[in-house]
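The structure appears below as structure tokens.
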Amino acid sequence: MKKRHVMWFEKFFWFVSSENYLVIGGRDAQQNELLVKRYLRPGDIYMHADVRGASSIIIRNKLGGGDVPPRTLNEAATMAISYSSAWEAKITSSAWWVHQHQVSRTAPTGEYLTPGSFMIRGKKNYLPTCQLQMGFGVMFQLDEESLERHREERKVAPMVTAEDNAMHQDDGDDNGISLSESGSEEEKNSSDAQIDDFPDVQVKICY
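Position 77 (the sequence shown) corresponds to 79 in this note's numbering; numbering is contiguous.
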């Protein structure tokens, strides 16, 4: 059996986000230092948490840059919190992120930065509180033919804005159909199927 080639990022904590971004975290102070000095590129996102032992996280942005989508940011934030003392203490917290150019190893005059510590210039972008949830996955190496069939998977999730919601509401008014009142044909069929599955169940509502 041919031995699989080990990728450079596998010595760190890592995962591939739901939108196909590579997210890497340091296992200790030395790896945090290495991540920032060697692998943090222009356009990448640096993430951390104000919790003891929190890992330095890097979201490797795709070629061409652009904004990293919120879903990937939240998944990386969960990683930052879970690989900290918050996991053992069973407390929830929030992480924050900054752009690559805001991270510096230069300490203010008269101060000293320990290995794995960095100065952050400018505003930190705090994310909502994260749940302590971790899992694992199995990855498969595909041949060239299979790659084409999976090329459109793991796309960036579309963002729904207030303007989009307003447009959908207007469309509903124009059609004169209220889903809450009439329901779709699929929902009706689903309800009928549930009744057939459990014919003896009776629901009695008391006022």
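C-beta atoms are modelled at their ideal positions from N, C-alpha and C, and glycine is treated no differently.
CA-CA distance, residue i and residue j?
{"i": "R54", "j": "R29", "result": "13 Å"}
{"i": "Q32", "j": "V38", "result": "10 Å"}
{"i": "R151", "j": "D145", "result": "10 Å"}
{"i": "S86", "j": "M49", "result": "13 Å"}
{"i": "G118", "j": "G68", "result": "27 Å"}
{"i": "Q143", "j": "H7", "result": "11 Å"}
{"i": "S84", "j": "M136", "result": "7 Å"}
{"i": "G139", "j": "N34", "result": "24 Å"}
{"i": "N63", "j": "W10", "result": "17 Å"}
{"i": "E147", "j": "E12", "result": "26 Å"}
{"i": "E90", "j": "S19", "result": "24 Å"}
{"i": "K4", "j": "D52", "result": "44 Å"}
{"i": "T116", "j": "M141", "result": "36 Å"}
{"i": "Y114", "j": "K92", "result": "32 Å"}
{"i": "D46", "j": "L36", "result": "15 Å"}
{"i": "R153", "j": "L129", "result": "30 Å"}
Excluding the 5 residues preceding and the 5 following residue i in the sequence, name in chain order all residues of the same chain whose CB lies nearer than 7 Å to its CB.
{"i": "T108", "result": "M121"}
{"i": "R40", "result": "none"}
{"i": "K126", "result": "W98 and V100"}
{"i": "L42", "result": "Y48, I60, Q102 and V105"}
{"i": "P110", "result": "none"}
{"i": "R123", "result": "Q104 and S106"}
{"i": "G112", "result": "none"}
For residue i, I'd like the list of residues in its chain whose CB is within less than 6 Å of its CB, leaving aside the five on either flank, ordered along the chain.
{"i": "T131", "result": "T94 and S96"}
{"i": "Y23", "result": "I61 and T74"}
{"i": "P44", "result": "Q102"}
Please confirm whether any heavy atom of the ligand SAM lies closer than 8 Å to the CB of residue i.
{"i": "F17", "result": "The ligand SAM is absent from the structure shown, which contains no ligands of any kind."}
Quick one: using the 10 Å Cβ neighbour count with 16 as the cut-off for buried, is residue i buried or exposed?
{"i": "L75", "result": "buried"}
{"i": "L149", "result": "exposed"}
{"i": "L65", "result": "exposed"}
Select from the options the residue whose C-alpha is nearest the C-alpha of residue i.
{"i": "M57", "options": "P72, A78 and R40", "result": "First, the amino acid is wrong: residue 57 is Ser here, not Met. For the residues P72, A78 and R40, the minimum Cα distance to S57 belongs to A78."}
{"i": "A82", "options": "S20, G139 and G27", "result": "G27"}
{"i": "F17", "options": "G118, H101 and I61", "result": "I61"}
{"i": "F15", "options": "K4, E154 and T80", "result": "T80"}
{"i": "Q133", "options": "A88, T116 and G45", "result": "A88"}
Check whether the Cβ of residue i lies closer than 9 Å to any Cβ atom in chain B.
{"i": "K125", "result": "Protein chains in the displayed structure number just one, and chain B is not present."}
Return the chain-ordered list of same chain residues with a C-beta closer than 8 Å to the C-beta of residue i, the five sequence neighbours on each side being excluded.
{"i": "V25", "result": "W16, F17, V18, S19, I59, I60, I61, R62, T74, E77, A78 and M81"}
> Which whole runs of the alpha helix (DSSP H) in the stretch 22 to 56 are 4 residues long or more, in chain order?
Replying inline: As summarised for the stretch 22 to 56, the continuous alpha helix (DSSP H) elements at least 4 residues long and confined to that stretch are 31 to 36, given in chain order.
>> Quick check for students: name the residue ranges of the beta strand (DSSP E) that lie wholly in the stretch 97 to 155, counting only runs of 3 or more.
In response: 97 to 101
>> At 4 residues or longer, what runs of the alpha helix (DSSP H) sit wholly inside the stretch 60 to 88?
In response: For the stretch 60 to 88, whole alpha helix (DSSP H) runs of length 4 or above, ordered along the chain, are 72 to 84.
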